[in-house]
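Visitor: Take this structure first; my questions come after.
There are 2 protein chains.
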Amino acid sequence: MGPPAFDDAFVQDLDTLFAWRRDVRRFRPDPVDEASLQACLAAAHRAPSVGNSRPWRFVRVSDPGRRAAVAESFARCNAAAAAGYDAERAAQYRTLKLAGLKEAPVHLAAFCDGATETGLGLGRASMPETLAYSVVGAVQCLWLAARARGLGVGWVSILEPESVGAILAVPQAWRLVAYLCVGHPVEEHSDPELERHGWQPEDKRGGTLVER
Amino acid sequence: MGPPAFDDAFVQDLDTLFAWRRDVRRFRPDPVDEASLQACLAAAHRAPSVGNSRPWRFVRVSDPGRRAAVAESFARCNAAAAAGYDAERAAQYRTLKLAGLKEAPVHLAAFCDGATETGLGLGRASMPETLAYSVVGAVQCLWLAARARGLGVGWVSILEPESVGAILAVPQAWRLVAYLCVGHPVEEHSDPELERHGWQPEDKRGGTLVER
């Protein structure tokens, strides 16, 4: 089979997908279809990786005790973060919903296996951080595959990465890159929630090429 | 306008896109259409970012002197990397084509603006690395948007990030995340080049969920 050609309709739909991807924090309790979840994982596993190392390790967190412990890590970090703002901003911060850990039917923790020998270290001698970057690419593919299937994903970064590793009893060499909530979204938007709720104005700088 | 629904044909084509995305190192000399490039940049600018910080800064490198200096950084790093393997692997390493810097009509350097105040630091107090991760998400969106338009992207990580920042005269707070070659590919594949050329076997571990 030869390489595929993508038509204009696909390209336009793909742009729509980018626009409506969004970070989701409000989930319906309905379960996620297992075949859809596995298809999202397959998309993640197609992501580019430095030296083809494929260092991503996805952990599905179903145990209620482990989930509760992760939610406690979030609560600690979130309280500390709020305390770092001045009074007015802190009050606004506390009104934001920054995670859907309690509602989301599926929790996926994405780790980077720092001990992997796959790829023999190729491509990362001068920029070792590209190993973790590879996991981010996998998360991004999973996210787009999920949204195309009507699922929402929320990336929770307000966590203690070492605590989450310990809670999930993963190997020492695995470093948390992302903790993802997955489920059917309550609402859908094409604008970022933090702009919609007045936390910040839109930053357009990254949308323009710098010429050198 | 309400949220879009994506049909089965789109979902299937999206999976094909993930499979045929690939890292490209062999480019035809034909120029890249400016409208297509800008559409890819727009896709990148739709990426998720921590605290909606949008810290990506894309630099188009057109100046021949700067391009040559980047290629020299690659040559230095690549020679050092080869020297780190034993004789047999080093010989194999030297046969691999790991970048298309000389052929690619477009060079894009993706930086993370560590000094951005957009988002007021939200979401990254406990995992500050998520700022750079946001740039990786943008690169991933750009890559998929490019491949859908028949363009190939190659991520060059065999570089000295500080040197590239200096060569491109960007602000001190900008850290190199990815250096991308963009152009029309000479050949297209759905399997990773490093597997095809015998550098390594396929690593399937990341394609299976770990249960906790």
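Residue numbers (the numbering used here), protein chains in the order written: chain A, 118 to 329; chain B, 118 to 329.
In this text, a Cβ means the ideal position worked out from N, Cα and C, and glycines have one as well.
Let me make sure I understand the geometry here. Which of A:Glu234, A:Asp124 and A:Ala227 has the alpha-carbon closest to that of Pro318 (chain B)?
Guide: Nearest of A:Glu234, A:Asp124 and A:Ala227 to Pro318 (chain B), Cα basis: A:Glu234.
Visitor: For the alpha helix (DSSP H) that contains Val187 (chain B), what are its first and last residues?
Guide: First-last of the alpha helix (DSSP H) with Val187 (chain B): Pro181 to Ala200.
Visitor: Mind pulling the beta strand (DSSP E) runs of 3 or more residues that sit fully within the stretch 221–272 of chain B?
Guide: Runs of the beta strand (DSSP E) inside the stretch 221–272 of chain B: 223–230.
Visitor: Measuring only the C-alpha atoms, how far is Arg145 (chain B) from Leu237 (chain A)?
Guide: Looking at the two C-alpha atoms, the distance is approximately 30 Å.
Visitor: So, is the C-beta of Phe175 (chain A) closer than 9 Å to a C-beta in chain B?
Guide: Phe175 (chain A) counts as touching chain B.
Visitor: Whole beta strand (DSSP E) runs in the stretch 119–165 of chain A with 3 or more residues, listed along the chain?
Guide: Fully enclosed beta strand (DSSP E) runs of 3 or longer: not present.
Visitor: Tell me, to the nearest whole angstrom, how far the beta carbon of Ala161 (chain A) is from that of Trp173 (chain A); I am working on the premise that it is less than 8 Å.
Guide: Contact flag correct, Cβ pair sits at about 6 Å.
Visitor: Let me see if you follow: with CB-CB separation under 9 Å, is Thr212 (chain A) close to chain B or not?
Guide: Taking Cβ atoms only, chain B never reaches closer than 9 Å to Thr212 (chain A), which makes this a no.
Visitor: Step through the CB atoms of chain B and report whether any lies within less than 9 Å of the CB of Val149 (chain A).
Guide: Not an interface residue.
Visitor: For Pro146 (chain A) and chain B, any beta-carbon pair shorter than 9 Å?
Guide: Not one chain B Cβ lies under 9 Å of Pro146 (chain A).
Visitor: Which same chain residues, not among the five before or five after Ala207 (chain A), have their C-beta less than 6 Å away from its C-beta?
Guide: Result list for Ala207 (chain A): Ala199, in chain order.
Visitor: Does Gly323 (chain B) get closer than 9 Å to chain A when you measure Cβ to Cβ?
Guide: Interface residue, yes.
Visitor: Name the chain A residues whose beta carbon is nearer than 8 Å to that of Leu285 (chain B)?
Guide: Those are Arg329, listed as they occur along chain A.
Visitor: Using a cut-off of 9 Å between C-beta atoms, extract the partners of Gly168 (chain B) located in chain A.
Guide: Ordered by position in chain A, the residues that pass the 9 Å Cβ test against Gly168 (chain B) are Ser274, Leu311, Trp316 and Gln317.
Visitor: I need the DSSP call for Arg171 (chain B), collapsed to helix, strand or coil.
Guide: Note: Arg171 (chain B) maps to coil in three-state DSSP.
Visitor: Determine the burial state of Ser243 (chain A): buried for a count of at least 16 other Cβ atoms within 10 Å of its Cβ, exposed for fewer.
Guide: By the 10 Å Cβ count, Ser243 (chain A) comes out buried.
Visitor: Taking buried to mean at least 16 other C-beta atoms within 10 Å of its own C-beta, is Thr325 (chain A) buried or exposed?
Guide: The residue is exposed, with fewer than 16 neighbouring Cβ atoms inside 10 Å.
Visitor: Could you check whether Cys229 (chain B) and Trp291 (chain B) sit closer than 9 Å to each other, using their CB atoms as the reference points?
Guide: For Trp291 (chain B) and Cys229 (chain B), yes; Cβs fall inside 9 Å.
Visitor: Between the C-alpha atoms of Tyr210 (chain B) and Asp203 (chain A), what's the straight-line distance to the nearest angstrom?
Guide: The straight-line gap from Cα to Cα measures roughly 54 Å.
Visitor: Between the beta-carbon of His314 (chain A) and the beta-carbon of Thr212 (chain A), is there less than 9 Å?
Guide: Cβ atoms of His314 (chain A) and Thr212 (chain A): closer than 9 Å.
Visitor: Would you report the Cα separation of Ser251 (chain A) and Gln257 (chain B), rounded to the nearest angstrom?
Guide: Distance between the alpha carbons of Ser251 (chain A) and Gln257 (chain B): 10 Å.
Visitor: Under 9 Å between beta-carbons, which chain B residues line up against Val223 (chain A)? List them in chain order, please.
Guide: Result: empty, since nearest Cβ-Cβ is about 10 Å, beyond 9 Å.
Visitor: According to DSSP, simplified to helix, strand and coil, what is Arg211 (chain A)?
Guide: In this structure, Arg211 (chain A) counts as helix in the three-state DSSP scheme.
Visitor: Taking Ala221 (chain A) and Cys298 (chain A) to be in contact with their CB atoms under 8 Å, please state how far apart those CB atoms are, rounded to whole angstroms.
Guide: Right, their Cβ atoms sit about 3 Å apart.
Visitor: Under the three-state reduction of DSSP, which class applies to Glu328 (chain B): helix, strand or coil?
Guide: Strand at Glu328 (chain B).
Visitor: Assuming Pro345 (chain A) and Trp272 (chain B) form a contact by the criterion Cβ under 8 Å, report the distance between their Cβ atoms to the nearest whole angstrom.
Guide: Nothing in the structure corresponds to residue 345 (chain A), since chain A is present only between 118 and 329.
Visitor: Output, in chain order, the set of chain A residues within a Cβ distance shorter than 9 Å of Cys258 (chain B).
Guide: Result: Phe135, Arg138, Gln257 and Leu261.
Visitor: What are the start and end residues of the beta strand (DSSP E) that includes Val294 (chain A)?
Guide: First-last of the beta strand (DSSP E) with Val294 (chain A): Trp291 to Gly300.
Visitor: Are Val178 (chain A) and Leu293 (chain A) close, meaning C-beta to C-beta below 9 Å?
Guide: Taking 9 Å as the Cβ cut-off, Val178 (chain A) and Leu293 (chain A) do not qualify as a contacting pair.
Visitor: Look at the alpha carbon of Val176 (chain A) and the alpha carbon of Leu261 (chain A), and state the distance between them as a whole number of angstroms.
Guide: Taking the straight line from one Cα to the other gives about 19 Å.
Visitor: Using a beta-carbon distance cut-off of less than 7 Å, what residues from the stretch 296–311 of chain A approach chain B?
Guide: Residues passing the 7 Å Cβ filter: Glu305, Pro309 and Leu311.
Visitor: Classify Ala283 (chain A) as buried or exposed, calling it buried when 16 or more other Cβ atoms lie within 10 Å of its own Cβ.
Guide: Under this definition Ala283 (chain A) is an exposed residue.
Visitor: Are the C-beta of Pro181 (chain B) and some C-beta of chain A separated by less than 9 Å?
Guide: Pro181 (chain B) does not count as touching chain A.
Visitor: Please classify Gly323 (chain B) as buried or exposed, where buried requires at least 16 other C-beta atoms within 10 Å of its C-beta.
Guide: Classification of Gly323 (chain B): buried, given that the 10 Å Cβ count is 16 or more.
Visitor: Are the C-beta of Glu277 (chain B) and some C-beta of chain A separated by less than 9 Å?
Guide: Yes, because at least one Cβ of chain A sits closer than 9 Å to the Cβ of Glu277 (chain B).
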